[in-house]
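Trainee: So in full-length UniProt numbering, the last one in the sequence shown is 231, and the numbering has no gaps at all.
No residue lacks a Cβ here, since even glycine has one placed at the ideal position from N, Cα and C.
Note that this is a predicted model, so its numbers are computed, not measured.
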Amino acid sequence: MEKILVSNQKMSFDKLKDVEEYISKMKDYKDKFIVAPSNIYLKTFADSGFTCSGQNVYSQNKGAFTGQTSASAIKDLGAKYTLIGHSETRSYLKEDEELINEKVKNALETGLTVFLCIGESLKIKEEGKTKEFLKKQLDVNLKDVEDLSNLYISYEPIWSIGSTPPSNEEIEDIVKYIKSLFKEDVRVLYGGGVNEKNIEELNKIPDINGYLIGGASIIPEKFIKIIEVTK
1 MEKILVSNQK MSFDKLKDVE EYISKMKDYK DKFIVAPSNI YLKTFADSGF TCSGQNVYSQ
61 NKGAFTGQTS ASAIKDLGAK YTLIGHSETR SYLKEDEELI NEKVKNALET GLTVFLCIGE
121 SLKIKEEGKT KEFLKKQLDV NLKDVEDLSN LYISYEPIWS IGSTPPSNEE IEDIVKYIKS
181 LFKEDVRVLY GGGVNEKNIE ELNKIPDING YLIGGASIIP EKFIKIIEVT K
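Laid out in structure tokens, this is it:
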């Protein structure tokens with residue numbers, strides 16, 4: 001099964017020339033993945049033919065919300081998707097579960113497809129409460145969201161980001177659990193420590209629909225190896 005790949009570029013680029021160099025190196029693979037750049041570079045990627053995602057959006061499309069970016073604005077720049085609820089925005093921007101729910105609903109109503117990110121901390125994992133925690137996140141984040149056809153759930157255990165992923169057995173167990181919570185089919189991505197060295201092993205997990213990739217997707221040589229394994 002072909003997997004969906006999302007390149008979460010975070011705040012890795014701060015010069016347009018570096019973005020243009022990346023685009024030049026990845027242009028032959030632009031149909032193989034979705035790129036989530038900083039908002040300022042969305043149009044640059046979109047105009048180069050890449051499928052684009054935002055990294056975050058606000059819960060409303062207009063208003064006196066200094067420093068925020070609306071779903072309608074990134075859609076106008078060419079984005080078709082957006083991440084919501086990534087652990088870094090939950091932590092650094094103090095986003096709570098209710099705000100994430102409002103963001104999800106607004107993004108879907110605006111016509112974007114959403115990658116809803118969920119995941120547990122090391123403390124919760126060590127307490128054996130991972131499934132309980134994830135269910136609570138999903139219950140609140142998806143409250144009053146009835147149509148899941150334009151939504152992916154990205155499972156990204158916080159403790160694995162930039163580190164070593166859980167075992168395949170652990171990931172498969174969690175992915176199956178997440179899918180079991182819904183009556184309809186729901187697509188689940190895995191993120192957290194995905195790189196060119198472990199992608200072959202991760203790709204053996206049957207129920208994963210794709211991957212949310214951070215640092216390894218910024219380096220073309222590494223990302224191309226990941227693409228070749230999954231496509």
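1) Determine the DSSP secondary structure at Lys-30, reduced to helix, strand or coil.
2) Around the C-beta of Lys-223, are 16 or more other C-beta atoms found within 10 angstroms, so that it is buried, or is it exposed?
3) Could you check the C-alpha separation between Ala-46 and Cys-52 for me, to the nearest Å?
4) Buried or exposed, going by whether 16 or more other CB atoms sit within 10 Å of the CB of Lys-176?
5) Please work out which residues of its chain come closer than 8 angstroms, Cβ to Cβ, to Gly-78, disregarding the five sequence neighbours upstream and downstream, and give them in chain order.
6) Measuring CB atoms only, is the stretch 161-175 touching the stretch 91-108, in the sense that at least three cross pairs come out at less than 8 angstroms?
7) If Lys-3 sits next to Asn-209, beta carbons under 8 angstroms apart, how far is it from one beta carbon to the other, in whole angstroms?
8) Strictly by DSSP, which residues pair up with Arg-187?
9) Are the Cβ atoms of Ile-158 and Gly-119 separated by less than 8 angstroms?
10) Which residue comes first and which comes last in the beta strand (DSSP E) that contains Val-6?
11) In whole angstroms, what is the alpha-carbon distance linking Asp-14 and Asn-203?
12) Run the CB neighbour count on Ile-16, radius 10 Å, all protein chains shown included, and call it buried at 16 or more, exposed below.
13) Give me, in chain order, the residues of the same chain whose beta-carbon lies closer than 6 angstroms to that of Gln-137; leave out the 5 immediate sequence neighbours on both sides.
14) Helix, strand or coil: which one does DSSP assign to Gly-210?
15) For the putative contact between Tyr-211 and Leu-181, defined by C-beta atoms under 8 angstroms, what is the C-beta separation to the nearest angstrom?
16) Identify, in the order they occur along the chain, each residue of the same chain with its Cβ nearer than 7 angstroms to the Cβ of Gln-68, setting aside the five sequence neighbours on each side.
17) Counting only runs that start and end within the stretch 107-139, where is the alpha helix (DSSP H) found for 4 or more residues in a row?
18) Below 8 angstroms on the Cβ atoms is my guess for Gly-85 versus Leu-116; work out the distance and round it to an integer in Å.
19) According to DSSP, is Thr-66 part of a helix, a strand, or is it coil?
20) Could you name the residues of the same chain whose beta carbon sits closer than 6 angstroms to that of Tyr-152, not counting the 5 residues immediately before and after it, in chain order?
21) From the DSSP secondary-structure annotation, give me the bridge partner or partners of Leu-83.
22) What's the C-alpha gap between Asn-61 and Glu-221?
23) The alpha helix (DSSP H) spanning Ser-53 covers which residue range?
24) Using 8 angstroms for Cβ pairs, my map puts Ser-7 next to Phe-33. What's the rounded Cβ distance?
25) Is the beta carbon of Asn-150 less than 8 angstroms from the beta carbon of Leu-108?
Mentor: In short, the structure shows the following:
1) Residue mapping note: residue 30 aligns to position 30 of the sequence shown, counting from 1. In this structure, Lys-30 counts as coil in the three-state DSSP scheme.
2) Here residue 223 is taken as the residue at index 223 of the sequence shown, counted from 1. Checking the sequence, you will find Phe at residue 223 rather than Lys. Classification of Phe-223: buried, given that the 10 Å Cβ count is 16 or more.
3) The count along the sequence shown starts at 1 and reaches residue 46 at position 46. The count along the sequence shown starts at 1 and reaches residue 52 at position 52. Each residue's alpha carbon lies about 6 angstroms from the other.
4) In the sequence shown, counting from the first residue as 1, residue 176 sits at position 176. Counting Cβ neighbours within 10 Å, Lys-176 comes out exposed, since fewer than 16 surround it.
5) Taking the first residue of the sequence shown as position 1, residue 78 is located at position 78. Excluding sequence neighbours, Gly-78 sits near Leu-42, Lys-43, Phe-45, Ala-46, Asp-47 and Cys-52.
6) Taking a contact to require three or more Cβ pairs closer than 8 angstroms, the stretch 161-175 and the stretch 91-108 do not qualify as touching.
7) If you number the sequence shown from 1, residue 3 lands on position 3. If you number the sequence shown from 1, residue 209 lands on position 209. Contact flag correct, Cβ pair sits at about 7 angstroms.
8) As a working mapping, residue 187 is identified with position 187 in the sequence shown. In the DSSP output, where bridge partners are listed per residue, Arg-187 has Tyr-152.
9) Working through the sequence shown from its first residue, we reach residue 158 at position 158. Working through the sequence shown from its first residue, we reach residue 119 at position 119. Cβ atoms of Ile-158 and Gly-119: closer than 8 angstroms.
10) In the sequence shown, counting from the first residue as 1, residue 6 sits at position 6. First-last of the beta strand (DSSP E) with Val-6: 4-8.
11) Residue 14 sits at position 14 when you count from the first residue of the sequence shown. Residue 203 sits at position 203 when you count from the first residue of the sequence shown. Going by the C-alpha atoms only, they are around 32 angstroms apart.
12) As a first step, residue 16 is located in the sequence shown; it is residue number 16 there, counting from the start. First, the amino acid is wrong: residue 16 is Leu here, not Ile. Exposed is the call here.
13) The residue given as residue 137 occupies position 137 in the sequence shown. Answer for Gln-137: Ile-118, listed in chain order.
14) Mapped onto the sequence shown, residue 210 falls at position 210. Correct three-state label for Gly-210: strand.
15) Your numbering for residue 211 matches position 211 in the sequence shown. Your numbering for residue 181 matches position 181 in the sequence shown. Actually they are not in contact, since the Cβ atoms of Tyr-211 and Leu-181 sit about 21 angstroms apart, beyond 8 angstroms.
16) Working through the sequence shown from its first residue, we reach residue 68 at position 68. Counting only Cβ-Cβ distances below 7 angstroms, and skipping sequence neighbours, we find Tyr-58.
17) Within the stretch 107-139, the complete alpha helix (DSSP H) segments of 4 residues or longer fall at 122-126, listed in chain order.
18) In the sequence shown, the residue the question calls residue 85 occupies position 85. In the sequence shown, the residue the question calls residue 116 occupies position 116. Correct: roughly 6 angstroms between the Cβ atoms.
19) Translated into positions along the sequence shown, residue 66 becomes position 66. Thr-66: coil per DSSP, three-state reduction.
20) For the purposes of this step, residue 152 is taken as the residue at position 152 of the sequence shown. Hits under 6 angstroms: Phe-115, Arg-187 and Leu-189.
21) In the sequence shown, counting from the first residue as 1, residue 83 sits at position 83. Leu-83 is bridged to Phe-115.
22) Walking along the sequence shown from the start, residue 61 turns up at place 61. Walking along the sequence shown from the start, residue 221 turns up at place 221. Taking C-alpha positions only, Asn-61 is separated from Glu-221 by approximately 37 angstroms.
23) Position 53 of the sequence shown, counted from the first residue, corresponds to residue 53. Run containing Ser-53: none in the alpha helix (DSSP H); it sits in the beta strand (DSSP E), 51-54.
24) Walking along the sequence shown from the start, residue 7 turns up at place 7. Walking along the sequence shown from the start, residue 33 turns up at place 33. Contact flag correct, Cβ pair sits at about 6 angstroms.
25) Start at 1 with the first residue of the sequence shown, and residue 150 comes out as number 150. Start at 1 with the first residue of the sequence shown, and residue 108 comes out as number 108. Yes, Cβ-Cβ distance for Asn-150 and Leu-108 is below 8 angstroms.
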